[in-house]
Amino acid sequence: MNIWLLHPFAGGPGLGRHYRPFWLADAWRQMGHRVLVVSAAFHHLHRQPRVPGPQRINDVDFWFLDTPRYAAGSLGRLRNNLSFGPAFRSAASAIAAQFGKPDLMIASSPHLFFISAADQIARQFDARFWLEVRDLWPESIVALGMTPAWHPLMKVLGWKERSAYRAADRVICLLAGAEAHMRARGLPSGKFTWIPNGVSDGEIQSALTIENLGHPLIDRINLLKRQGRRVVLYAGGMGPPNAVEAILDAASILGKANPEIHFVMIGSGTSRDALRQRAATLANVEFHDEVDRSVVHGMLHASDCAVVAFHNNALYHHGISPNKLFDYCLFAPRSVIACEGRALAGLEKLVTSRCAPDDPPALAKSLVAALNGPERSRDDRIAIARQYSYSVLAARYLTPSGDHA
515 MNIWLLHPFA
525 GGPGLGRHYR
535 PFWLADAWRQ
545 MGHRVLVVSA
555 AFHHLHRQPR
565 VPGPQRINDV
575 DFWFLDTPRY
585 AAGSLGRLRN
595 NLSFGPAFRS
605 AASAIAAQFG
615 KPDLMIASSP
625 HLFFISAADQ
635 IARQFDARFW
645 LEVRDLWPES
655 IVALGMTPAW
665 HPLMKVLGWK
675 ERSAYRAADR
685 VICLLAGAEA
695 HMRARGLPSG
705 KFTWIPNGVS
715 DGEIQSALTI
725 ENLGHPLIDR
735 INLLKRQGRR
745 VVLYAGGMGP
755 PNAVEAILDA
765 ASILGKANPE
775 IHFVMIGSGT
785 SRDALRQRAA
795 TLANVEFHDE
805 VDRSVVHGML
815 HASDCAVVAF
825 HNNALYHHGI
835 SPNKLFDYCL
845 FAPRSVIACE
855 GRALAGLEKL
865 VTSRCAPDDP
875 PALAKSLVAA
885 LNGPERSRDD
895 RIAIARQYSY
905 SVLAARYLTP
915 SGDHA
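Everything in the sequence shown is counted per my numbering, starting at 515 for the first residue and increasing by one.
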C-alpha cells in the first residue's frame, strides 16, 4: 500500500522534535508498504530549514513543502500554517509522479488549516482519507487561556474541526477519552480509534545498553548521587501547558523536609526564564538546556525518579499522551505524575504513582513515597514499553478497528 502521511511539523533524526511521523513511517516501511512523510520545509521546531522537495532520512522518504519562514510572533507562524495546504495542492501532482498515487492519505493535525486540502487531494487520487488528531482544536487553545472562545479565529477553527470529522473515513486520536467530544461535533459512530504515542523499537533496544552512554549531564547526576542526593528529573517543555510551577513548589517543600532530594530540570520553552527565577532561591533545583533524546534517556536511567505534572484543566478530561511518559517508563527506575485520574486513562501502567494536579504538597508526598519504594526492574519497564512500540502502534493503524492485538 502507498501511504502519504502529512504532518506540517514532522521531526526525526536531524530534523527536531515530533518523531511520531518518522517512526510510524519507518514501521510501515518495514511492514512492506511504501510511505512518504509530507512536511514543511520551515517551521519553528526544525533544527535548520530544509530544501523544498524530496529527501530521504534514514530510509524514510520525506517531501518538504516550500513554506514561508518566520521569527517570533504569531502572525508569521499563522502565515506559515496557512500556506501548507496550498503548497500541498501545488506539489501533489509532482509528488505522485515520483512516489506514486496514494492508497491512503493520513493528515496529522498540529493545526487544522491544511485538512481540507488533504481531503480534496485524497479524493482526487481515489485514496482513503484518515485524520490523526494530536490535540483538540480549538478547545486546546481556549482551555489553556491562549485565545478567547469568541475570537474569530477560534470560530474558524471550530468550523474546520467539525468539517474534518465529517470528511474523514477514520479518525485516530492520541487522547483516549476524546470520542464523546468528537461525536458532539459531527464525528459519525464507529470512526474513532485511540492510538497513543509510544517509543521506537530502536529506543527499546537501546534501553538494554543505556548504562554505557556517557555525557557531562549524566556525570552530573551520578556525582549528585555519590554525594548522597536522590535525583528527581524533569525533562520536557517549559511553557504554559506544562505545570512545572507545581514541581518547583514541591521542590520548595522538600528542600526543608527532605533536603537530600535534588531536582534536575532540563528542557526549553517560553516560561523557562520565569521558572528559573521562581527557583532562584532553591538550593535543591538546577536547570540545564535541552539536549538530544539519547542524552535525556541516559539522564533518566541515572536518576532516581522522573516527574511530570499537568494542570487541573477540563482539557485533560479527554486524556493525555505526552511523549515523556513513554520515555520515563522505559528509562527511569521510577516515575510520578500529577494529573487527574481520567487524564491517565489507558496509560496507568506507564507510571509508578499518580497524585492530584496543582497540589504541590501532594506531589511532594508522592515523590517521597516513590523514592522510598522499590525501583521497577528494567525487564518490567521494557515489557510495558513494548506494548507501546511504534511497530505495534503502526500495525494497529492498519487493522480494521485499530484495537490491541
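Where a beta carbon is used, it is the ideal one built from N, C-alpha and C, also for glycine. Keep in mind that this is a model prediction, so the values were computed, not measured.
Supposed close pair residue i, residue j - CB separation, criterion 8 angstroms
i: tryptophan 457; j: serine 623; result: Outside the shown range of the chain (515 to 919) lies residue 457, about which nothing can therefore be said.
i: alanine 797; j: cysteine 819; result: 19 angstroms between Cβ atoms; not a contact.
i: leucine 667; j: leucine 626; result: Leucine 667 to leucine 626, Cβ: 11 angstroms. No contact.
i: aspartate 575; j: phenylalanine 613; result: 7 angstroms
i: glycine 567; j: tryptophan 577; result: 7 angstroms
Burial state of residue i (16 or more Cβ within 10 Å)
i: serine 553; result: buried
i: valine 541; result: What sits at residue 541 in the sequence shown is alanine, not valine. Buried is the call here.
i: tryptophan 664; result: exposed
i: serine 703; result: exposed
i: glutamate 653; result: buried
i: asparagine 572; result: exposed
i: serine 604; result: exposed
i: threonine 707; result: buried
i: lysine 674; result: buried
i: methionine 813; result: buried
i: proline 563; result: exposed
i: valine 565; result: exposed
i: leucine 579; result: buried
i: glycine 526; result: buried
i: aspartate 733; result: exposed
i: aspartate 841; result: buried
i: proline 730; result: exposed
i: alanine 555; result: buried
DSSP state of residue i mapped onto helix, strand, coil
i: isoleucine 517; result: strand
i: phenylalanine 643; result: strand
i: asparagine 726; result: helix
i: tryptophan 651; result: coil
i: phenylalanine 599; result: Per the sequence shown, residue 599 should be read as glycine rather than phenylalanine. Helix, per DSSP.
i: glutamine 719; result: helix
i: phenylalanine 578; result: strand
i: methionine 752; result: coil
i: arginine 531; result: coil
i: proline 568; result: strand
i: alanine 663; result: coil
i: valine 882; result: helix
i: valine 865; result: coil
i: serine 623; result: coil
i: serine 785; result: coil
i: glutamate 774; result: coil
i: leucine 731; result: helix
i: alanine 681; result: helix
i: cysteine 819; result: strand
i: cysteine 843; result: helix
i: arginine 744; result: strand
i: alanine 590; result: According to the sequence displayed, residue 590 carries glycine and not alanine. DSSP places glycine 590 in helix when its eight states are reduced to three.
i: leucine 738; result: helix
i: alanine 557; result: Going by the sequence as given, residue 557 is histidine instead of alanine. In the structure shown, histidine 557 sits in coil (DSSP, three-state: anything other than H, G, I, E or B).
i: valine 906; result: helix
Close beta carbons around residue i, own chain, < 7 angstroms, minus the five adjacent residues each side
i: proline 755; result: Leu658
i: methionine 515; result: His547, Asp617 and Leu618
i: tyrosine 830; result: Phe824, Cys853, Glu854 and Ala857
i: arginine 684; result: Trp644, Lys705 and Thr707
i: proline 874; result: Ala760, Asp763, Ala764 and Ile767
i: glutamate 889; result: Pro847 and Arg848
Sequence-distant residues of the same chain with beta carbon closer than 8 angstroms to residue i, five excluded per side
i: leucine 789; result: Met752, Val758, Glu759, Leu762, Met779 and Phe801
i: alanine 794; result: none
i: alanine 816; result: Ile732, Ile735, Asn736, Lys739 and Val745
i: serine 785; result: Met752, Gly753, Pro754, Asn756 and Val758
i: arginine 561; result: Gly528, Leu529 and Gly530
i: proline 535; result: Leu519, His521, Ala524, Gly525, Gly526, Val551, Ser553 and Ser622
i: glycine 742; result: Glu774
6 angstroms CB neighbourhood of residue i in its chain, flanking five on each side removed
i: alanine 878; result: Ala764, Ile767 and Leu768
i: alanine 870; result: Ala876
i: serine 867; result: Val850, Ser880 and Ala884
i: arginine 593; result: Pro582
i: arginine 744; result: Glu774, Ile775, Asp818 and Leu885
i: alanine 919; result: Reliability of the predicted coordinates at alanine 919 is poor, the pLDDT of 36 falling under 50, and no value is obtained from them.
i: glycine 750; result: Gly781 and Lys838
i: alanine 621; result: Leu520, Ile629, Ala632 and Leu645
Residue i CB to nearest heavy atom of the ligand COA below 7 angstroms
i: histidine 776; result: In terms of ligand content, the structure shown is empty, and the ligand COA therefore cannot be addressed.
Check: Can you find at least 3 beta carbon pairs, one from the stretch 643-653 and one from the stretch 675-691, that sit closer than 8 angstroms?
Finding: yes
Note to self: Pairs of beta-carbons, one from the stretch 805-812 and one from the stretch 763-771, closer than 8 angstroms: are there three or more?
What the structure shows: no
Check: Does the stretch 599-616 come close enough to the stretch 545-559 that 3 or more CB-CB pairs lie under 8 angstroms?
Finding: yes
Note to self: Counting beta carbon pairs with one atom in the stretch 828-837 and one in the stretch 853-861, are three or more of them shorter than 8 angstroms?
What the structure shows: yes
Item checked: the stretch 713-720 in contact with the stretch 691-702 per 3-pair CB rule at 8 angstroms -> no
Note to self: Three Cβ pairs or more, each shorter than 8 angstroms: is that satisfied between the stretch 527-544 and the stretch 882-898?
What the structure shows: no
Checklist line | Three or more C-beta pairs below 8 angstroms linking the stretch 582-602 and the stretch 622-639 | finding: yes
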